Structures are given as structure tokens and as C-alpha cells.
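Chemist:
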Amino acid sequence: MSDYRNVWALIAAAAFLQLGGGILSVVTPLGLETLGVSPGLIGAIAAVYALGFMVGAYTASNAVILFGNIRVFSAAAATCGASVLVMQLALDPWSWTFVRILQGAAFAWMFSSIEAWLGSTVSVKNRGSVSGFYHLIAKFALMAGPFFVAGLAPVDFRPYLWCAMFLCLSLLPVCLTRRGEPPAPSVEPLPFKRLFDIAPSAVISVFLAGLINSGTLALLPLYAGVALQGVSGGATGAAAIAAAAVWTGGLISQWPAGRISDHMDRRVVIAVMGAVSAIAALVLGLLPRMPENWILITLAVWGAGSLSFYGIGVAHAIDRSDTAQISRVMSGLLFVWAAGSVIGPPLSGYAFRMPFTEGGLFLLAAISSAILAVAMMYRRTKRQDVPKEAQEPWKITLPSTASTGEIDPRTE
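Note that UniProt numbering has the sequence shown beginning at 1, numbered continuously upward.
1) Using a threshold of 8 Å, state whether the C-beta atoms of alanine 365 and threonine 216 are closer than that.
2) So which of Leu91, Ala13, Leu190 has the shortest CA-CA distance to leucine 142?
3) For glutamate 358, report the span of its alpha helix (DSSP H) as first-last.
4) Under the rule that 16 or more other beta-carbon atoms within 10 Å means buried, what is aspartate 92, buried or exposed?
5) If tryptophan 337 sits next to phenylalanine 207, beta carbons under 8 Å apart, how far is it from one beta carbon to the other, in whole angstroms?
6) Using the C-alpha atoms, what's the distance from arginine 266 back to methionine 377?
7) Out of Ser170, Ile318, Trp117, Ala257, which one is the CA nearest neighbour of isoleucine 198?
8) Quick check: what's the CA-CA separation for asparagine 69 versus serine 170?
9) Rounded to a whole number of angstroms, what is the C-alpha to C-alpha distance between valine 48 and leucine 287?
10) Which residues bound the alpha helix (DSSP H) around aspartate 197?
11) For the alpha helix (DSSP H) that isoleucine 260 lies in, which residues bound it at each end?
12) Is the Cβ-Cβ distance between threonine 236 and valine 72 less than 8 Å?
13) Quick one, are the C-beta atoms of alanine 46 and proline 345 less than 8 Å apart?
14) Taking a contact to mean a Cβ-Cβ separation below 8 Å, would you say alanine 257 touches serine 308 in this structure?
15) Label phenylalanine 362 either buried or exposed according to how many other C-beta atoms from any shown protein chain fall within 10 Å of its C-beta, with 16 as the threshold for buried.
16) In the DSSP assignment, the alpha helix (DSSP H) including proline 39 goes from what residue to what residue?
17) Residues in its own chain within less than 8 Å of alanine 370 by CB, not counting five upstream and five downstream?
18) Confirm the yes/no value for this check: CB of methionine 330, any heavy atom of the ligand SAH, distance under 7 Å.
19) Output the boundary residues of the alpha helix (DSSP H) element that contains valine 231.
20) If we ignore side chains and look at the alpha-carbon of each, how far apart do alanine 164 and glycine 21 end up?
21) Using the Cα positions of valine 64 and cysteine 168, report the straight-line distance between them to the nearest angstrom.
22) Residue range of the alpha helix (DSSP H) that methionine 330 falls in?
23) Sort Ile11, Ala75, Val7, Val55 by Cα distance to alanine 339 and report the nearest one.
24) Would you please state the rounded distance, in angstroms, between the beta carbons of leucine 211 and methionine 110? I believe it to be under 8 Å.
25) Can you tell me the Cα-Cα spacing of valine 37 and methionine 264, whole angstroms?
26) From this set, Gly43, Phe98, Leu19, which residue's C-alpha is nearest residue 413's C-alpha?
27) Span of the alpha helix (DSSP H) holding proline 221?
28) Between alanine 227 and glycine 313, which are expected to be in contact by the criterion C-beta below 8 Å, what is the C-beta distance as a whole number of angstroms?
29) Keeping to the same chain, check which residues put their C-beta closer than 6 Å to that of alanine 351; ignore five residues upstream and five downstream.
30) Hey, valine 174 and alanine 9 are a contact pair by Cβ (cut 8 Å); roughly how many whole angstroms apart?
31) Valine 7: buried (16+ other C-beta within 10 angstroms of its C-beta) or exposed?
32) What would DSSP say about valine 22, mapped onto helix, strand or coil?
33) Tell me which same chain residues have a C-beta within less than 7 Å of the C-beta of valine 283, skipping the five on either side of it?
34) Grab me the residues of glycine 225's own chain with a C-beta within less than 6 Å of its C-beta, minus the 5 sequence neighbours each way, in chain order.
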């Protein structure tokens, strides 16, 4: 229990961050829609956030070396909190575009600081359980955030005050902790060509995880506002319920899918999850006017398939890496995921308004997920699986993981 006591402040800070991030994930696209912005441009602004996250992840290590974890976290939290208030003061898409770049970089700095700190504080034997607990709390907070603003108008000042409040509260546990700071990280991402040579299937799956999930989740509030009009709470209430359904499916499937991948070729598991995601997305795309209960169930099935294969792809890459390379491999995969997250939202934005269907958003997700499944099965014919005795046990790994990869229990 001592490891949990040592990091409770960091986990509390991450929970407050995710509460704020969950609110932003709903009010940003809905607010832009209220301002008359097209879905294509909304997707482009979501891509700008991912670009900011990529820049933040790349610069986080140097920032921590120069200023230390607490100062980096505090500066990023203050910047992010102020930027949320700017969104209410300047209700125009150009201002929001600039603000989203800052928010992407700030969130990357904050999570990099927290996760590197967690990784260096927790003992190796408990790192897996603490990592799982951390991710569980963070994702529950991400799901809970939108419910604080359900029923409020997307450009009402109150959602932005809620978000800024949670970001400010995230400062308290970090600034008041008496635990010493960890040594500064010094991990650089593995070059892309080397990463692809080590594990091409991992690169493909992680890239498509960014493209499919970031794109679909960025436009999900708009989809929910149309498909779940009977839900109480208006557009924000519908978006909160839809996001909760998706993340619940992802949380339920992540652990069994990961454990199953420990006992068979991980590429087969990724292909199966891709196929599940493709089928659910195809149903949502072809039957956009299903009863609302069925829409929520299908969204949960889509989340179960689509939100669970990122960690399996990372585990596949680690199976094929030397121990000394693991941190660099994880860092490199984070940037591959971020690249997919830059490309995905604009594509999803334009697919959202396909002229011949109301389900274009999920039809694009279905096609992309089917490509993933086919690619994984094809790669099996090109390279043998790693022997089971050489595999590292699967652990929960999510794209928000710090660029250092230090929280992962497989790093020493």
C-alpha cells in the first residue's frame, strides 16, 4: 500500500485533469457547431489539438530537465486553465484554433510530468497494479467530466468555468506534495524507420488507433446531438451519454483482450478487435436512426473493439524489442499515434457530412477498422509470431502515456 500512498497526489491531479479534458471534449465541437463552423473545420481544429499534443510530448523531457516536474506541471496547468477562459472571452473559431494548440501542448506536458513521476516513484513489483489503477481512475474521470455540463448550452460560460476550476484544482495535490521530484528523463523516440523494422504491425495498429479513435471521438458529440435527440440534457447531455457508452465498452474489453493476447498471436487479437469495431461502426453508419437504446449499445460495442487494440499493439512492439529499447519504442509509438490523430479528425469531419448518408462518420471508421483487420492478418503471413516464452506480459497502456514511457511496468 505504500506505493499507492506515495502517488495518491499524482493520481488525484490526473483525475482533475481528465475531468477538465472530458468537458473540453464535449463543449469544443458543440461550441464550434453553435458558432456556425462546418464539421470539416471542426475536425481540422481537433487535428490542431493533436498537433499541439505532439509538440508538447516532444518538448516535455527538455522542459522537465530545465525547470523540474512541479514547475512544468504548474506552468502547463495555468496555461491550460487560462486558455479555457479565453475560449469564453473570444467566441470565434480562429481564437479557438490557437487556444487548442496551446491546450494540446499543455496537456502533453502535464501528463508527461505526472507519468514520469509515477514511473520513478513506484517500485517495479507494483508498477503494473499502480499503472492499471491510475489509468482506471483517469478514464472514469474522463467519462464523468461531460456530465458536469450536461444540459448547459455549449457556449454558456458555466462549462468553461467548470473546466477551468478542475484544471486549477489539479495544481493543489502536485504543488502541496512533500515527495521528492524524480530525476529528469532523457529518453528520445526511436526513429520511424527503425521502429517500423522492429514491429511493422505495431506501427500500423497504433497509427490507425490514432486515426480512427481520435477522428471519431472528436466528432462524436455532433453525432450524438443528431442521433440521441430524445435524451434529456440537450446536445451536451447526449454527448456525455454517448461518450460514457463508448468508454465503458473500451474499459470492459481492454483487460480480457490484453490477457487473451498473452496466449496467442497479438496480431490476431488486434484483427478481431478491428473486425468487432468495423461491424459495430457499419451498423451505426447504415442504420443511423435506430432506437436510441440500440445506438448506445452499439456505441459500447464499437468502443470495446476500437479502444482496446492500442495497448496490444504496443505490447506487440515490446515483444520484439530489446529491454534497453522499450522506453524509446513506446515514445516512438506515441508519436505514430499522434500522427494518426492529426490526420483522422479532418477526414472524420468531412465524412460526417457525406451527401448520401447520415452515418458517414462511422462508415469511415468501419472502412478504417476493416483495413486494420486485413493488415494484421496479412502481416502474419510475412513474419512469425514471437515465441510465448519471449513475450512480455500485457499491461494497460493508453495513448496519453508520457513520452518517456517510464510508467509502463515493463521498463526498468
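All residues carry an ideal CB built from backbone N, CA and C; glycine is no exception. Bear in mind the structure is a predicted one, so any value in this text is a computation, not a measurement.
Modeler: For this structure:
1) Sequence index remark: in the sequence shown, residue 365 carries index 365 (1-based). Sequence index remark: in the sequence shown, residue 216 carries index 216 (1-based). For alanine 365 and threonine 216, yes; Cβs fall inside 8 Å.
2) On the sequence shown, position 142 is the one that residue 142 refers to. Nearest option by C-alpha distance: Ala13.
3) Translated into positions along the sequence shown, residue 358 becomes position 358. Note, glutamate 358: premise wrong, no alpha helix (DSSP H); not H, not E.
4) Counting from 1 along the sequence shown, the entry for residue 92 is found at position 92. Exposed: under 16 other Cβ atoms inside 10 Å.
5) Numbered from 1 along the sequence shown, position 337 holds the residue referred to as residue 337. Numbered from 1 along the sequence shown, position 207 holds the residue referred to as residue 207. About 7 Å separates the CB atoms of tryptophan 337 and phenylalanine 207; that is less than 8 Å, so the two are in contact.
6) Here residue 377 is taken as the residue at index 377 of the sequence shown, counted from 1. Here residue 266 is taken as the residue at index 266 of the sequence shown, counted from 1. Here the alpha carbons of arginine 266 and methionine 377 stand approximately 11 Å from one another.
7) As a position in the sequence shown, residue 198 is number 198, starting the count at 1. For isoleucine 198, the closest C-alpha among the options Ser170, Ile318, Trp117, Ala257 is that of Ile318.
8) As a position in the sequence shown, residue 69 is number 69, starting the count at 1. As a position in the sequence shown, residue 170 is number 170, starting the count at 1. Between asparagine 69 and serine 170, the C-alpha separation is close to 14 Å.
9) Taking the sequence shown and counting its residues from 1, the one referred to as residue 48 is at position 48. Taking the sequence shown and counting its residues from 1, the one referred to as residue 287 is at position 287. Their Cα atoms are separated by approximately 31 Å.
10) Position 197 of the sequence shown, counted from the first residue, corresponds to residue 197. In this chain, the alpha helix (DSSP H) harbouring aspartate 197 covers 192-198.
11) As a first step, residue 260 is located in the sequence shown; it is residue number 260 there, counting from the start. Where isoleucine 260 is concerned, the enclosing alpha helix (DSSP H) stretches over 234-261.
12) Within the sequence shown, residue 236 is the residue found at index 236, counting from 1. Within the sequence shown, residue 72 is the residue found at index 72, counting from 1. No, these two residues do not count as a Cβ contact at 8 Å.
13) Position 46 of the sequence shown, counted from the first residue, corresponds to residue 46. Position 345 of the sequence shown, counted from the first residue, corresponds to residue 345. Contact annotation: alanine 46 and proline 345 have beta-carbon atoms nearer than 8 Å.
14) Residue 257 sits at position 257 when you count from the first residue of the sequence shown. Residue 308 sits at position 308 when you count from the first residue of the sequence shown. Result yes, Cβ atoms of alanine 257 and serine 308 sit closer than 8 Å.
15) Mapped onto the sequence shown, residue 362 falls at position 362. It is buried - the Cβ of phenylalanine 362 has at least 16 other Cβ atoms within 10 Å.
16) Within the sequence shown, residue 39 is the residue found at index 39, counting from 1. In the DSSP assignment, proline 39 falls within the alpha helix (DSSP H) that extends over 39-67.
17) Residue mapping note: residue 370 aligns to position 370 of the sequence shown, counting from 1. Counting only Cβ-Cβ distances below 8 Å, and skipping sequence neighbours, we find Gly274, Ala275, Ala278.
18) Absent from the structure shown: the ligand SAH. Ligands present: none.
19) For this step, residue 231 is matched to residue 231 along the sequence shown. First-last for valine 231: undefined, no H or E at that position.
20) Here the question's residue 164 lines up with position 164 in the sequence shown. Here the question's residue 21 lines up with position 21 in the sequence shown. Within the model, the alpha-carbon separation for alanine 164 versus glycine 21 is close to 10 Å.
21) As a first step, residue 64 must be located in the sequence shown, where it is residue number 64. As a first step, residue 168 must be located in the sequence shown, where it is residue number 168. Rounded to the nearest whole angstrom, the C-alpha separation of valine 64 and cysteine 168 is 20 Å.
22) For the purposes of this step, residue 330 is identified with residue 330 of the sequence shown, where counting begins at 1. Here the alpha helix (DSSP H) through methionine 330 covers 326-352.
23) Along the sequence shown, one-based indexing puts residue 339 at 339. The option with the nearest alpha carbon to alanine 339 is Val55.
24) Taking the first residue of the sequence shown as 1, we reach residue 211 at position 211. Taking the first residue of the sequence shown as 1, we reach residue 110 at position 110. The Cβ separation is near 24 Å, so there is no contact.
25) For the purposes of this step, residue 37 is taken as residue 37 along the sequence shown, with counting starting at 1. For the purposes of this step, residue 264 is taken as residue 264 along the sequence shown, with counting starting at 1. Approximately 46 Å, taken between the alpha carbons.
26) Residue numbering for the chain in the displayed model covers 1 to 412; residue 413 lies beyond these limits and cannot be assessed.
27) Sequence index remark: in the sequence shown, residue 221 carries index 221 (1-based). Run containing proline 221: 215-227, per the alpha helix (DSSP H) assignment.
28) For the purposes of this step, residue 227 is taken as residue 227 along the sequence shown, with counting starting at 1. For the purposes of this step, residue 313 is taken as residue 313 along the sequence shown, with counting starting at 1. Separation of the CB atoms of alanine 227 and glycine 313 is rounded to 29 Å, and the pair is thereby denied contact status at 8 Å.
29) Stepping through the sequence shown from its first residue, residue 351 is reached at position 351. Only Gly360, Leu361, Leu364 meet the Cβ criterion.
30) For the purposes of this step, residue 174 is taken as the residue at position 174 of the sequence shown. For the purposes of this step, residue 9 is taken as the residue at position 9 of the sequence shown. That belief holds up - the Cβ atoms of valine 174 and alanine 9 are roughly 6 Å apart, short of 8 Å.
31) Stepping through the sequence shown from its first residue, residue 7 is reached at position 7. Label assigned to valine 7: buried.
32) Here residue 22 refers to the residue found at position 22 when the sequence shown is read from its first residue. Note that residue 22 is glycine in the sequence shown here, rather than valine. In the structure shown, glycine 22 sits in a helix (DSSP, three-state: H, G or I).
33) As a working mapping, residue 283 is identified with position 283 in the sequence shown. For valine 283, where only same-chain residues beyond five positions count, the Cβ hits under 7 Å are Thr298.
34) For this step, residue 225 is matched to residue 225 along the sequence shown. Ala235, Ala238, listed in sequence order.
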